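From first to last, the protein sequence lines are chains A, B and C.
Quick note: the first sequence uses our numbering, first residue 1, plus one each step.
Quick note: the second sequence uses our numbering, first residue 1001, plus one each step.
Quick note: the third sequence uses our numbering, first residue 2001, plus one each step.
Glycine included, each C-beta is placed from N, C-alpha and C at the ideal position.
Since the structure is predicted, the reported quantities are computational estimates derived from the model, not experimental observations.
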Amino acid sequence: MIVEKTKLALLNLFPQSEPVAAAAPAPLQEEGEKKAPKKEPPRMNGVMERDYNVHGYHLDAQVSPAQLLDAVAIIDDAGFFIESITGVDWIKEDQLEVIYDFSRYDFDLCRVVIRTRVPRSKPVVPTITGMYAGANWHERETHDFFGIKFEGHPNLIPLLLPEDADFHPLLKDFKA
Amino acid sequence: MSAPITIRPDETFTLNVGPQHPATHGVLRVKMEMDGEYIVNAETVIGYIHRMHEKMGELKTYPQFLMNLSRMDYLGALGYSHGHVLLIEKAAGIEVPERAEYIRAITVELNRIASHLFWFGAFVMDLGGFSPLMYALQDREYILDMLEAITGSRLTYSYYRFGGLYNDVDDDFIDAARRFIPRMRASLKKYHRLVTGNIIFMKRLEGIAPLTPEIIRKYGATSAVARGSGINFDVRKNEPYSVYPEFDFDVPVYHECDSLARYMVRMAEMEQSLRIIEQGLDKLPGGPIMPEKKKPIKIAPGDYYQAVETARGSFGIRLVSDGGKTPYRLKLRSPTYSNMHLFDESCRGMLIMDALAFMGSLDLVIPEIDR
Amino acid sequence: MGTKNIPSIKEGIPSSFVQFALADQLINICRVNSFWPLTFGIACCAIEMMATGCARFDMSRFGAEVFRPSPRQSDVMIVAGTITKKMMPGIKTLYDQMPEPKWVMALGNCAISGGPFAFEGQYSIILGADQFLPVDVYVPGCPPRPEALLQGIMELEHKVSGWKRWKNPEAA
Chain A
1 MIVEKTKLAL LNLFPQSEPV AAAAPAPLQE EGEKKAPKKE PPRMNGVMER DYNVHGYHLD
61 AQVSPAQLLD AVAIIDDAGF FIESITGVDW IKEDQLEVIY DFSRYDFDLC RVVIRTRVPR
121 SKPVVPTITG MYAGANWHER ETHDFFGIKF EGHPNLIPLL LPEDADFHPL LKDFKA
Chain B
1001 MSAPITIRPD ETFTLNVGPQ HPATHGVLRV KMEMDGEYIV NAETVIGYIH RMHEKMGELK
1061 TYPQFLMNLS RMDYLGALGY SHGHVLLIEK AAGIEVPERA EYIRAITVEL NRIASHLFWF
1121 GAFVMDLGGF SPLMYALQDR EYILDMLEAI TGSRLTYSYY RFGGLYNDVD DDFIDAARRF
1181 IPRMRASLKK YHRLVTGNII FMKRLEGIAP LTPEIIRKYG ATSAVARGSG INFDVRKNEP
1241 YSVYPEFDFD VPVYHECDSL ARYMVRMAEM EQSLRIIEQG LDKLPGGPIM PEKKKPIKIA
1301 PGDYYQAVET ARGSFGIRLV SDGGKTPYRL KLRSPTYSNM HLFDESCRGM LIMDALAFMG
1361 SLDLVIPEID R
Chain C
2001 MGTKNIPSIK EGIPSSFVQF ALADQLINIC RVNSFWPLTF GIACCAIEMM ATGCARFDMS
2061 RFGAEVFRPS PRQSDVMIVA GTITKKMMPG IKTLYDQMPE PKWVMALGNC AISGGPFAFE
2121 GQYSIILGAD QFLPVDVYVP GCPPRPEALL QGIMELEHKV SGWKRWKNPE AA
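This is the structure in structure tokens:
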């Protein structure tokens, strides 16, 4: 099964940690409890399996920016195609997250999500355009919306915003 | 066919195609560096219709966002709405009655045929033939009449709700759909007689713009772009959702990798959609179209993904929720974005007329690229 | 726009022996029966514009099916779709390139006032074509039906020439 193979290949990037079991879904806030939600500890780098019927993807790998190219190389060798790259602004934790989605063309279905977090003050992530040429536009768009710099990108100019735009609209503290 | 050319770098000029251009299907701009009629380099500039759907996703509540999906790709709008409601239903745990799912599948397939008809008319118009546009849009009007009777609008539907639909189909719709199927089959035969065997058409498309499976994988292209190059990928079969496992249909795959293969894939897809509609109408169960008790939309923190097969490819929505009333982040993965991206690399060395035929065969809708 | 802005050649010529009015009226009626729109579909409303040009709704009954790709050859600019800040200089250039007399029709809610994309915190669109273009006819809808576009053409005809294609049924 490609899910097992890919998970084992990705686990090689994390020699120290043990494989984490399927993550329990975060508890839903009941109507009665109006207390502030208890802060969950930040997730450690690692690979976990997700329930496809709830979340829609199979494998979830959180890597550091330094490990990103190795993780994507494993995915590329396994024959996945790049679905999309996007960002999320976690302003409360002062971090920006970049999410990479990969999937397969054959009937051996496996959706892989690779995430990486960078501090908001210095968001620099290596580019994967060397391996996936299609990452070019996705990274430009993420840069447009969040200001994340992809070092090594051949042409990091605005894609969807006007050429002279200097604002990043999807940041949570953006004022139009 | 493009013969290898010797590029004379000091003799090139820059030609700007778009953003206002009859062949670009919207506001798309391609800066082409040309050596005579051959393209040396092309750079696509998009963003002329960036309408901030993802920002609106963060500011609007879940039901308020329903209208946005139709404006993204207006030709195949129901497919996008389908993906959105499936995602929210999956994330919030809302059950959908079976009748609603069957009606959703039937209307999505009708919309797919309408979208392909419009593509067909516009594509042949790009190549210079104006008559098929008239016939194709006339056939499309039958579909639009049917959908207007139940949804209320011709183009930008907001028909699906979380849990089902807001309006049930009546016997008029079912009769009209049953009468439409043989009429559409006859029309498809007419289009093949009129267009497909035409010698000029074949010469314009055969062998033009070959796309290898490797370049398609690197760019993540889907739909007829992938199926015309031998990749058997259709989200309805590879990653089934809704009631598609109940239907018996084929996925047309051609191996020639050229523009003609992509054209043939879409024409065959229309026939398969007719099969699905027929089976859907036969199997349509009775029952309610919305769940008995209205469940409030509460989504646990986390992220969720749903992919559906729209007329243009695999549309994906990623929802990052923090438990609030509005999504924390809503990412729309548009298929045309990935399909268009491979244009820059593939059109080097082509004649400009071949490049425009290639663009037409990619089936572009620009507001979907720009979101 | 319309009849008032056409540079008048009547000044200096005593009206006692040269009467232009009838020729003007006739020329205007000929103008409105043959509007040549610029193919400027931006977004969803462009599809309804194309559907109006096709067989069922048939804009050519009104003489307006000759969509010209070049602004130099057209006289009506149908702004069909949302105008973004990135696109706006292009639209202004196209408008400037059209020769006089020229008119503008704002088709759809986005071209009238930003439509559904005018929300608090928006950063990318212009709230309507009349922010930078002189609009003659507004056709509301999202998207407007092809019949509404035809009504817009008829309103423009009346505005330009004063001639009504048929009597207003409510006034009869």
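- The region 1152–1165 of chain B makes contact with the region 1063–1071 of chain B; the number of CB pairs closer than 8 Å reaches 3 or more.
- With fewer than 16 other Cβ atoms from the protein chains shown falling within 10 Å of its own Cβ, C/Cys2030 counts as exposed.
- In the DSSP secondary-structure assignment, B/Pro1335 is not bridged to any residue.
- Within the region 1016–1050 of chain B, contact with chain C at the beta-carbon level (separation under 8 Å) is assigned to Pro1019, Gln1020, His1021, Pro1022, Gly1026, Val1027, Gly1047, Tyr1048, Ile1049 and His1050.
- CA-to-CA, the gap between A/Lys7 and A/Tyr52 works out to about 15 Å.
- For B/Leu1205, the uninterrupted alpha helix (DSSP H) segment begins and ends at Ile1199 to Leu1205.
- Residue burial annotation: A/Pro154 is exposed, with fewer than 16 other C-beta atoms found within 10 angstroms of its C-beta.
- Of all residues in the region 2042–2065 of chain C, the ones placed with a Cβ closer than 8 Å to any Cβ belonging to chain B are Ile2042, Ala2043, Cys2044, Ala2046, Ile2047, Glu2048, Met2050, Ala2051, Cys2054, Ala2055 and Arg2056, in chain order.
- Around A/Phe145, no beta-carbon contact reaches into chain C at under 9 Å, the shortest distance being about 11 Å.
- Within the region 1140–1154 of chain B, contact with chain C at the beta-carbon level (separation under 9 Å) is assigned to Arg1140, Glu1141, Leu1144, Ser1153 and Arg1154.
- The Cβ atoms of B/Lys1218 and A/Tyr100 lie no closer than 7 Å to each other.
- For C/Lys2086, the closest Cβ of chain A is nearer than 7 Å.
- At a beta-carbon threshold of 7 Å, the residues of chain B lying near C/Gly2090 are Pro1019 and Gln1020, ordered along the chain.
- Scanning the region 1226–1251 of chain B for uninterrupted alpha helix (DSSP H) segments of 4 residues or longer gives 1235–1238, listed from N- to C-terminal end.
- The DSSP assignment places 124–126 as complete runs of the beta strand (DSSP E) inside the region 117–141 of chain A, in order along the chain (cut-off: 3 residues).
- Legend: CB atoms of the region 2121–2150 of chain C lying less than 8 Å from CB atoms of chain B belong to residues Gly2121, Gln2122, Tyr2123, Ser2124, Ile2125, Cys2142, Pro2143 and Arg2145.
- In the same chain as B/Leu1165, and ignoring 5 residues on each side of it, the C-beta atoms closer than 8 Å to its own belong to Ala1100, Ile1103, Arg1104, Tyr1159, Ile1289 and Met1290, in chain order.
- For B/Tyr1219, the uninterrupted alpha helix (DSSP H) run begins and ends at Pro1213 to Tyr1219, by DSSP.
- Around the beta carbon of A/Glu163, a 10 Å sphere encloses fewer than 16 other beta carbons of the protein chains shown; the residue is thus reported as exposed.
- Assignment of B/Leu1319 by DSSP, reduced to helix, strand and coil, places it in the strand class.
- The Cβ of C/Thr2093 sits no closer than 7 Å to any Cβ of chain B.
- Under the Cβ distance rule, A/Phe81 counts among the residues neighbouring chain B, one pair being separated by less than 7 Å.
- A distance below 7 Å between beta-carbons, with the five flanking residues on each side excluded, links C/Val2066 to the following residues of its chain, in chain order: Trp2036.
- Between the region 1056–1066 of chain B and the region 1135–1155 of chain B, the count of C-beta pairs closer than 8 Å stays below three; the two stretches do not touch.
- Within the same chain, Cβ atoms closer than 7 Å to the Cβ of B/Phe1013 are found at Met1034, the five residues on either side in sequence being excluded.
- Counting only the Cα atoms, B/Pro1367 lies some 14 Å from C/Lys2086.
- In the three-state reduction of the DSSP assignment, B/Arg1183 falls in the helix class.
- Counting other Cβ atoms within 10 Å of its Cβ, B/Ser1361 reaches 16 or more and is therefore classed as buried.
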